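J.: Here the protein sequences come in this chain order: A and B.
So in the working numbering, spot 346 of the first sequence is number 346, and the numbers just go up one at a time.
So in the working numbering, spot 106 of the second sequence is number 1106, and the numbers just go up one at a time.
Each residue gets a CB set at the ideal place from its N, CA and C atoms; glycine is no exception.
Fair warning: this is a prediction, and the values are worked out from it, not measured in the lab.
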Amino acid sequence: MSFDLPRALKTATFRFASLGAGMFMLFSVFILWFVYGSAEAAIERQADRSLRAEVEDLVGIYATGGLNRVNRAVLERTLGQGEYLYLLVDPFSERISGGLTAIPANALERIGEPVRFVFQRPGMGESTRSVIGGGNEGALSRHRGRAIAVGLPGDFRLMVAMDLEQELEILSRTGSDVWRVLVLIGALSLIAGYLLARRFASRVDALDQVARRVMAGDLGIRAPRNHTGDELDNLSASLNAMLERLQRLMDATRHAGDAIAHDLRTPLTRVRARLETSREETDPAQFSFTIEESLHQIDELLGVFDAVLRLSRLRAGERRAAFQKTDLTEIALDVSELYEAVADEKGAAFATEVSEDVVVLGDRSLLFQAVCNLVDNAIKYTPSGGGITLRLRHNNAGLIELSVTDTGPGVAPEDRERITERFVRLDHSRNEPGSGLGLAMVVAVADLHSGRLTIEDGSGSTMGEGRGLRAVLTFPRFGEAIAVGEP
Amino acid sequence: MRILVVEDDDRAALYLKKGLQEAGHVVDHAANGHEGLDLATSHDYDVMIVDRMMPRLDGLSMIERLRAEDNRTPVLVLSALAEVDDRVEGLKAGGDDYLTKPFAFTELNARIEALARRMNPEAAEARIKVGDLEIDLLARTAHRAGRKLLLQPREFKLLHFLMQNAGQVVTRTMLLEKVWDYHFDPQTNVIDVHISRLRTKIDKDFDVAMLHTVRGAGYRLEA
């Protein structure tokens, strides 16, 4: 498949340009042929009219003066060097007078009708003209014209012809000039097509280069844009947006990877140390205790693994396809049923204020997990004697609002934005057991449901234990358009 | 119990076989879905453990074929896919339970015991009795030694499940799935709190404790 053509010749643009040029040429040739034909016909028609008039005149002379007068007229007119050529022959087709040698066969066949007539003309000054009989005869030049032959009584025949060589010559010269111009235009369009194609190919090349660099691992590269809004510019823009998204996903994965490595390293080291010491352990009870503890820790590690994996899958947004109409009221009640006992155990009050029939488009398990994480956090940070409230309602802004309020120490306003961000980025604060990852999960679930997590002041220092914290999840109502948000 | 393990990975299969044999079961092993299908149709098993991803015939297709032939042997699907959708798919194909790799052997053992028990016709009875503990599924009441226990609906469900699996270990994840009907990963040991509440109600006023914590595994209810 390797033709050694320049790349531009293989491009679609060049193919289209050549096709265009080819079509143009074809139409032009057709039009040229048509115009040439009709111009020639017009010249001949004109000549035919004059020939008929001349023949009528001579036939009129015969009617009044007979053969002799016609003969005289022919002789006179031949010598007069007018625009007509004449020939008068006897019944044996012998020339009586006139400048031509014979009547051509086609004129004899169609007596009284104008026909095409080709003859040879001697050089200037000679008076004899001859009907073409075959090949070239010396210096004679070939002329085109029209002729009419008529019969006279007594089998005499008279032919009048007209030389159109000059007119036809001009016509055909003009025709060939136009033809040359056409060829030139065709060639120019091909060249223009080639140049356009080269320009196009170089822009496509630039895109191709970008794709190759990306394949080589450089996700930071972006396709060049000229901001004209043309197809290639739009393609570049889409490509760049795609690369942007890819890069963000890659970064997220890398972050997750780093975080996993960080989270797993410390406990793994601990397990390893414990197992290593237990090699010298002689007390069987102590030995089996060590094994149990190690297993427990490994399970926790696996749990972290799972959580991180789920989180990154969530962020990739692939769960949206399976969304269903989900009863958030039921979920909120189930969560409070599950955690009421936990709060109670800790000596904190747990209150639930849940509106009925709140539904969202979503994933039941994920929403349950998110609400659990919020409640879990609230209980964790609420001291004994404090209170946690789980609320679910349609708020004034027309959104579904699920909030968990506690009376714990809360978070300073200047830190709120930061912690939310930090959670999203899975950053370092995950040394504290359970925290960080839990809220990051909530944010990811909220994103997936086109919702939002905001952190606000809690119910105030009613218990004298600090301002408290209110974590608010908002979702669009069921049935309202869910924009596919940027996660 | 007689158990069929359908697993293409030799090391995993060996690990399963060894563990199950140590737990006192008779184990057959098939290395792919076709082999598994042959064994399952020619022998009677109490439980089958089927890996999801296998060459030639995958686990889910194998289960679907078995179910199409009206084979009702309980199946535990093993899979490396942890997502809820995958789970649902596994259960839809005719699996009875779904466990994600890696898993603790105790978890697997607890689940297959529960599976085998579920096939037991006595589970369909309206009353279950374990020692002096008795529940009435129709009246939704529970008694121990003739004394009525005041249980919340969820506590009743929890006790019911524990009694169905009396003498066997049930894990925390099993409880979350079967009693609370959510497949999720609790940040704290919420289940422990509920168990300890239940324990207060059924054991506190009696000399013999029935609800035991099995370290590193879960809980066991025993007469």
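I believe GLU1222 of chain B touches GLY1146 of chain B by the beta-carbon criterion, under 8 Å. Please report the beta-carbon distance rounded to the nearest angstrom.
T.: With a Cβ gap of about 20 Å, GLU1222 of chain B and GLY1146 of chain B do not count as contacting.
J.: Under a CB-based cut-off of 8 Å, is LEU302 of chain A close to chain B?
T.: yes
J.: Pick from B:ASP1044, B:ASP1038, B:VAL1190, B:HIS1183: whose alpha carbon is nearest that of LEU1057 of chain B?
T.: Ranking B:ASP1044, B:ASP1038, B:VAL1190, B:HIS1183 by Cα distance to LEU1057 of chain B puts B:ASP1038 first.
J.: Can you tell me whether GLN81 of chain A is helix, strand or coil according to DSSP?
T.: coil
J.: Measure from the C-beta of GLY1216 of chain B to each C-beta in chain D and report whether the shortest distance is under 8 Å.
T.: Any reference to chain D falls outside this structure, whose protein chains are A and B.
J.: Going by DSSP, name the residue or residues bridged to GLY98 of chain A.
T.: A:LEU87
J.: Closest to THR1213 of chain B by CA distance: which of B:VAL1005, B:GLU1089, B:ILE1195 is it?
T.: B:ILE1195
J.: Please confirm if VAL1193 of chain B has its CB atom under 8 Å from at least one CB of chain A.
T.: yes
J.: CA-CA distance, MET463 of chain A and ALA343 of chain A?
T.: Low confidence applies to MET463 of chain A: its pLDDT is 49, below 50, so where it sits in the model is not reliable enough to give any reading.
J.: Would a C-beta distance cut-off of 8 Å place MET25 of chain A and ILE103 of chain A closer than the cut-off?
T.: Going by C-beta atoms, MET25 of chain A is not nearer than 8 Å to ILE103 of chain A.
J.: Could you check whether the Cβ of PHE1156 of chain B sits closer than 8 Å to any Cβ belonging to chain A?
T.: no
J.: Compute the minimum distance between the beta carbon of SER93 of chain A and the heavy atoms of the ligand MG, and state whether it is under 7 Å.
T.: Ligands in the displayed structure: none, and consequently the ligand MG is not present.
J.: If you follow the alpha helix (DSSP H) that LYS1017 of chain B is in, where does it begin and where does it stop?
T.: Boundaries of the alpha helix (DSSP H) harbouring LYS1017 of chain B: 1010-1022, taken from the DSSP string.
J.: Interface residues of chain B around GLU356 of chain A at Cβ under 7 Å?
T.: Near GLU356 of chain A there are no residues of chain B at all, since even the closest Cβ is about 19 Å away, more than 7 Å.
J.: Candidates A:THR474, A:VAL404, A:LEU168, A:ARG222: which alpha carbon is nearest GLY398 of chain A's?
T.: Each of A:THR474, A:VAL404, A:LEU168, A:ARG222 was checked against the Cα of GLY398 of chain A, and the nearest Cα belongs to A:THR474.
J.: Taking Cβ-Cβ distances shorter than 8 Å, what residues in chain A pair up with HIS1025 of chain B?
T.: Here the premise fails: no neighbours, minimum Cβ distance about 22 Å.
J.: Does the beta-carbon of GLN369 of chain A have 16 or more other beta-carbons within 10 angstroms, so that it is buried, or is it exposed?
T.: Under this definition GLN369 of chain A is a buried residue.
J.: Check the Cβ of GLU345 of chain A against every Cβ in chain B and list those closer than 9 Å, keeping chain order.
T.: VAL1193, SER1196, ARG1197
J.: Applying the 10 Å Cβ sphere with the 16-neighbour rule, what's the burial state of ILE191 of chain A?
T.: exposed
J.: Does SER384 of chain A have its Cβ less than 8 Å from a Cβ in chain B?
T.: no
J.: Anyone know if the C-beta pair for LEU168 of chain A and ARG144 of chain A falls short of 8 Å?
T.: yes
J.: Taking DSSP's pairing of strands, which residues face HIS143 of chain A in a bridge?
T.: A:PHE119
J.: Just checking: is the beta-carbon of THR1188 of chain B within a distance shorter than 8 Å of some beta-carbon in chain A?
T.: So, interface residue.
J.: With a threshold of 8 Å between beta carbons, is ALA1104 of chain B in contact with chain A?
T.: yes
J.: If you compare alpha carbons, which of A:ALA285, A:ALA252, A:ILE298, A:LYS325 is closest to VAL271 of chain A?
T.: A:ILE298
J.: Is LEU469 of chain A close to chain B? Criterion is C-beta to C-beta, closer than 8 Å.
T.: no
J.: Between which two residues does the alpha helix (DSSP H) containing ILE1112 of chain B stretch?
T.: Looking at the DSSP string, the run of the alpha helix (DSSP H) that includes ILE1112 of chain B is 1105-1118.
J.: Measure the C-alpha to C-alpha separation of MET242 of chain A and HIS449 of chain A and round it to an integer number of angstroms.
T.: MET242 of chain A and HIS449 of chain A have their C-alpha atoms some 22 Å from each other.
J.: In three-state DSSP terms, what is ARG15 of chain A?
T.: helix
J.: Run down chain A in chain order and give the residues with a C-beta less than 7 Å from the C-beta of TYR1015 of chain B.
T.: Simply none; closest approach about 15 Å.
J.: Here's the rule: buried if 16 or more other CB atoms are within 10 angstroms of the residue's CB, otherwise exposed. What is LEU1138 of chain B?
T.: exposed
J.: Could you confirm whether any beta carbon from chain B is found closer than 8 Å to the beta carbon of HIS227 of chain A?
T.: no
J.: Using a threshold of 8 Å, state whether the C-beta atoms of LEU1091 of chain B and LEU1099 of chain B are closer than that.
T.: no
J.: Beta strand (DSSP E) containing GLU281 of chain A: first to last residue?
T.: GLU281 of chain A -> no beta strand (DSSP E), and no H or E assigned at all.
J.: Among B:PRO1186, B:ILE1202, B:ASP1203, B:TYR1219, whose alpha-carbon lies nearest the alpha-carbon of ASP306 of chain A?
T.: B:PRO1186
J.: Does the segment 309-329 of chain A come into contact with the segment 345-353 of chain A, if we say contact requires no fewer than three beta-carbon pairs (one atom in each stretch) closer than 8 Å?
T.: no
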